[in-house]
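Undergrad:
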Amino acid sequence: MPVVTVGPATVHVDAEGFLTQYDEWNEPLARQLAARIGIELTDEHWKAISFLRADYPAHGETATLRRVSTLAGIPIKQLFVLFPGKPAKKMAYIAGLPKPRGCV
Amino acid sequence: MTTTDAAPDLVPDFGDDTPTGRKLAIICSKGNLDMAYPGLILANAALGEGVETHLFFTFWGFDMITKSRMHDLKFTMLGNTATHLPQGLGGLPGMTAMATHQMKKQIQEVGVPGVPEFLEQIVASGGHLWACRMSADMMQLDKSDLYDDVEAIISAADFIEKTDGAQLLFI
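So the protein sequences, as listed, match chains A and B.
Take 4 as the starting number for the first sequence in our numbering and just add one per residue.
Take 17 as the starting number for the second sequence in our numbering and just add one per residue.
(1) So, helix, strand or coil for P54 (chain B), using DSSP?
(2) Along the stretch 50-84 of chain B, where does the CB come closer than 8 Å to a CB of chain A? Name the residues.
(3) So with CB distances below 7 Å, who are the chain A contacts of Q137 (chain B)?
(4) Just to confirm, are K39 (chain B) and A140 (chain B) a CB contact at a threshold of 7 Å?
(5) Starting from E136 (chain B) and walking both ways along the alpha helix (DSSP H), at which residues does that stretch end?
(6) Checking contacts by CB at 7 Å: is K50 (chain A) closer than that to chain B?
(7) Run down chain A in chain order and give the residues with a C-beta less than 7 Å from the C-beta of V27 (chain B).
(8) Given a threshold of 16 other Cβ atoms within 10 Å of its Cβ, counted over all protein chains shown, does Q8 (chain B) qualify as buried or as exposed?
(9) Using a Cβ-Cβ cutoff of less than 8 Å, which residues in the same chain neighbour G41 (chain A) once the five nearest sequence positions on both sides are dropped?
(10) Where in the stretch 44-99 of chain A do unbroken runs of the alpha helix (DSSP H), each at least 4 residues long, occur, reported from the N-terminal end onward?
(11) G142 (chain B) versus chain A: which residues are under 7 Å apart at the beta carbon?
(12) At what residues does the alpha helix (DSSP H) containing T99 (chain B) begin and finish?
(13) Who are the neighbours of V128 (chain B) on chain A, taking C-beta pairs under 8 Å?
(14) By the 10 Å Cβ neighbour count, where 16 or more other Cβ atoms means buried, how is P103 (chain A) classified, buried or exposed?
(15) Whole angstroms are fine: how far does the CA of L162 (chain B) sit from the CA of L26 (chain B)?
(16) Nearest-angstrom Cα distance between T34 (chain B) and G104 (chain B)?
Here's what the structure looks like:
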């Protein structure tokens, strides 16, 4: 499993670069990960990221866009603004979780 | 894979640096509940991947965007051998209602929304909905009969023009 250095941290990632160890994540790391993909985290971003982090252990998999929108109360449209292009994957990356595998 | 520290710059490729200009056109021609979902799910997936997506509703697919019908699409066992039940059963009174109810329940259980809510999500994700001119004329429907977020009633030729260069799915 590849190991990468993100700022002061050393973390385990999969072949694409998504973190594989839930406990290696922390907030400063999230800021670094976000910066790597051109996103500066605002309170709105944090709302989504915090939901994803809390939902993952409870739900057993990474929340899809629909789940984030419905349960965290962030409109889908806004998620596309916050995490442009591929919002579900970008959120998962910053939250240190696997890519969501749900279809909807 | 063995542990290595040889990949300090491994960052997922979200395609931001090299937009592909990829476009997807989906023609929805069926009004059965089970045939509505493939187009909606694929459109939603494509949008989530940053792909420009257009849906064209034609013939029976018009039911998906007709206000008076979109909440009430049905699933029938008739002519569908994939239910693995005797075909004769499908023709009994009440079977379509029962099969529809069961399918709606299963769809809901996997966290997938009903058709109108799904269209709302697709539009919120940047998807484009178009209605077929000939179908509207045949069924004597106009824009006011259709789901509000349908952008326009257009001809097949207009749709082909709008989706120049797109990959196309006919469902």
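The beta carbon of each residue, even a glycine, is placed where N, CA and C say it ideally should be.
TA: A quick look at the data gives this:
(1) For the purposes of this step, residue 54 (chain B) is identified with residue 38 of the second sequence, where counting begins at 1. Helix at P54 (chain B).
(2) For the stretch 50-84 of chain B, the set of positions with a beta-carbon nearer than 8 Å to some beta-carbon of chain A reads I57, N60, A61, G64, E65 and G66 in chain order.
(3) For this step, residue 137 (chain B) is matched to residue 121 along the second sequence. For Q137 (chain B), the C-beta contacts it makes with chain A under 7 Å involve R69 and I79, in order along the chain.
(4) Within the second sequence, residue 39 (chain B) is the residue found at index 23, counting from 1. Within the second sequence, residue 140 (chain B) is the residue found at index 124, counting from 1. Not closer than 7 Å, so no.
(5) Start at 1 with the first residue of the second sequence, and residue 136 (chain B) comes out as number 120. Judged by DSSP secondary structure, E136 (chain B) falls within the alpha helix (DSSP H) whose first and last residues are V131 to A140.
(6) Locating residue 50 (chain A) in the first sequence gives position 47, where the first residue counts as 1. Not one chain B Cβ lies under 7 Å of K50 (chain A).
(7) For the purposes of this step, residue 27 (chain B) is identified with residue 11 of the second sequence, where counting begins at 1. Residues of chain A passing the Cβ test: G20, R39 and I40.
(8) Given a span of 17 to 187 for chain B in the structure shown, any question on residue 8 (chain B) remains unanswerable.
(9) Locating residue 41 (chain A) in the first sequence gives position 38, where the first residue counts as 1. Here the set comprises nothing.
(10) Correct list: 46-62, 68-75, 79-85 and 90-97.
(11) As a working note, residue 142 (chain B) is residue 126 in the second sequence. Within 7 Å Cβ-Cβ: F83.
(12) As a first step, residue 99 (chain B) is located in the second sequence; it is residue number 83 there, counting from the start. Taken as a continuous stretch (DSSP letters only), T99 (chain B) belongs to no alpha helix (DSSP H), as it is neither H nor E.
(13) Along the second sequence, one-based indexing puts residue 128 (chain B) at 112. Against chain A, a Cβ distance below 8 Å from V128 (chain B) picks out C106 and V107.
(14) Within the first sequence, numbered from 1, the residue matching residue 103 (chain A) stands at position 100. P103 (chain A) should be labelled buried.
(15) Locating residue 26 (chain B) in the second sequence gives position 10, where the first residue counts as 1. Locating residue 162 (chain B) in the second sequence gives position 146, where the first residue counts as 1. Per the coordinates, the alpha-carbon of L26 (chain B) lies some 47 Å from the alpha-carbon of L162 (chain B).
(16) On the second sequence, position 18 is the one that residue 34 (chain B) refers to. On the second sequence, position 88 is the one that residue 104 (chain B) refers to. Distance between the alpha carbons of T34 (chain B) and G104 (chain B) is about 55 Å.
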